[in-house]
Amino acid sequence: MQFSTAAAHAEAAQLFVCTEAAQLKDETAKLLFQSLEDGQSFAAAALPVAGSLQHIALLRLDDLSVATLQKAAKEAAAWAQKQPALSVDLNPFCAENAPRVAAALAAALGEAVYRFDYFKSEAKPAKLVQAAFVHAEHSGSVQAALNRAEALLYGMNLCKDLANTGSNVCTPTYLAETAAKEAQQLGATAKILGGDYIRDNMPSFWGVAKGSKEEPKLLQLQYFGAADKSADPIVLVGKGLTFDSGGISLKPGEAMDEMKYDMSGAGSVFGTLQAVAQMKLKINLTVIIA
């Protein structure tokens with residue numbers, strides 16, 4: 149999924165975003181706005197143009213609170229993911245709000261097009277591959293917001309991919325090595341400690357881990373973005389148990405596949421580090437995954 153502030157090609161679906169009808173210049177968008185009933189925020193149409201259909205949609209925001217932006221953006225994204233390309237008109241918004249609206253829409257679009265098809269013989273990706281966010285005056289701040297959204301989506305998708313991977317593949321070794329490789333590519337450091345260290349220094353951890361034939365791993369990732377590399381870091385710790393460790397005989401069989409999600413804590417802190425590194429935040433961050 150690519151986000152930009154460059155003009156989209158003429159055949160791209162168009163999404164007009166506003167808070168009131170007076171902000172709109174496009175006549176079709178005005179008609180869509182007028183079609184909305186109380187409580188509705190989204191409307192779409194397909195117009196015949198030169199032998200094909202031009203898809204146009206209108207998103208009305210009742211206010212610019214985070215909750216309203218997120219809810220409305222998800223509704224628009226459900227429509228947008230079915231289009232090959234998208235052009236989003238943000239011109240009604242000021243320098244402060246245009247980046248906020250862009251960020252909410254980018255996050256919703258990224259979530260809508262996410263697919264986990266690594267193990268499928270025939271992948272079926274979402275149709276939408278690019279979205280252009282247009283603003284005549286504030287393209288710079290909008291692009292900065294899109295860059296941050298892309299970094300967050302990158303970290304979120306890595307977390308989802310690891311969580312969705314079955315425990316027969318996503319073993320402690322796979323989790324540690326995958327996280328270390330990804331982190332190092334963005335300039336972070338990685339240190340993996342194995343069963344010998346855990347047995348000698350972490351008896352509680354070892355007491356759980358020795359019940360599996362898979363060797364346990366303790367992973368430390370460090371990102372140094374602060375001016376003072378020796379400054380105390382923010383530390384995040386994530387549970388990296390790749391399959392549920394207790395009560396398995398008491399759980400119904402239909403929920404057994406969800407036990408792989410026990411390592412989602414590890415995936416979350418790992419994804420956070422990836423997003424932080426991509427955004428080049430000026431902090432020191434340490435992530436521990438066990």
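Here the sequence shown is numbered in our numbering, starting from 149 and rising by one per residue.
Yeah, the Cβ is synthetic: ideal placement off N, Cα and C, and Gly gets one too.
Under three-state DSSP, which class holds residue i?
i: phenylalanine 181; result: helix
i: phenylalanine 281; result: strand
i: arginine 208; result: strand
i: lysine 272; result: coil
i: serine 287; result: helix
i: cysteine 166; result: strand
i: aspartate 186; result: coil
i: valine 197; result: strand
i: alanine 233; result: strand
i: asparagine 316; result: coil
i: threonine 153; result: coil
i: tyrosine 262; result: coil
i: methionine 219; result: The sequence given here places lysine at residue 219; methionine does not occur at that position. Helix at lysine 219.
i: lysine 329; result: helix
Considering only their Cβ atoms, is the gap separating residue j from residue i smaller than 7 Å?
i: serine 315; j: lysine 408; result: yes
i: alanine 160; j: leucine 207; result: no
i: leucine 389; j: methionine 411; result: yes
i: glycine 303; j: alanine 221; result: no
i: glycine 440; j: lysine 387; result: The displayed coordinates of the chain run from 149 to 438. Any statement about residue 440 would go beyond what the structure contains.
i: proline 364; j: isoleucine 346; result: yes
i: leucine 257; j: alanine 292; result: no
i: alanine 254; j: phenylalanine 151; result: yes
i: isoleucine 431; j: alanine 375; result: no
i: alanine 252; j: glutamine 218; result: yes
i: alanine 193; j: tryptophan 227; result: no
i: tyrosine 371; j: alanine 336; result: yes
i: threonine 153; j: serine 287; result: yes
Could you name the residues of the same chain whose beta carbon sits closer than 7 Å to that of residue i, not counting the 5 residues immediately before and after it, in chain order?
i: alanine 327; result: Leu367, Leu369, Phe418 and Ile437
Roughly how far, in whole angstroms, is the beta-carbon of residue i from the beta-carbon of residue j, given that I think they are within contact range, below 8 Å?
i: glutamate 223; j: serine 189; result: 6 Å
i: asparagine 245; j: leucine 212; result: 6 Å
i: leucine 323; j: leucine 310; result: 6 Å
i: alanine 155; j: valine 282; result: 7 Å
i: alanine 225; j: leucine 294; result: Their Cβ separation, rounded to whole angstroms, is 15 Å, which puts alanine 225 and leucine 294 out of contact at 8 Å.
According to the neighbour-count rule (16 or more other Cβ atoms, all chains shown, within 10 Å of its Cβ), is residue i buried or exposed?
i: arginine 263; result: exposed
i: tyrosine 266; result: exposed
i: cysteine 242; result: exposed
i: leucine 433; result: buried
i: threonine 313; result: buried
i: glutamate 402; result: exposed
i: asparagine 305; result: buried
i: leucine 195; result: exposed
i: glutamate 185; result: exposed
i: proline 351; result: exposed
Who are the Cβ neighbours of residue i in its own chain at under 8 Å, not counting the five residues just before and after it?
i: glutamine 231; result: Ala160, Ala161, His203, Lys275 and Leu276
Just checking: is the beta-carbon of residue i within a distance shorter than 7 Å of some beta-carbon in chain D?
i: alanine 299; result: Structure shown: chain D not included; a single protein chain is present.
Between which residues of its own chain and residue i is the CB-CB distance below 6 Å, once the five residues before and five after are set aside?
i: valine 435; result: Leu369, Leu384, Val417 and Leu421
i: methionine 149; result: Gly258 and Val261
i: alanine 299; result: Ala423, Gln426 and Met427
i: asparagine 349; result: none
i: alanine 271; result: Asp265
i: proline 247; result: Ser289, Val290 and Ala293
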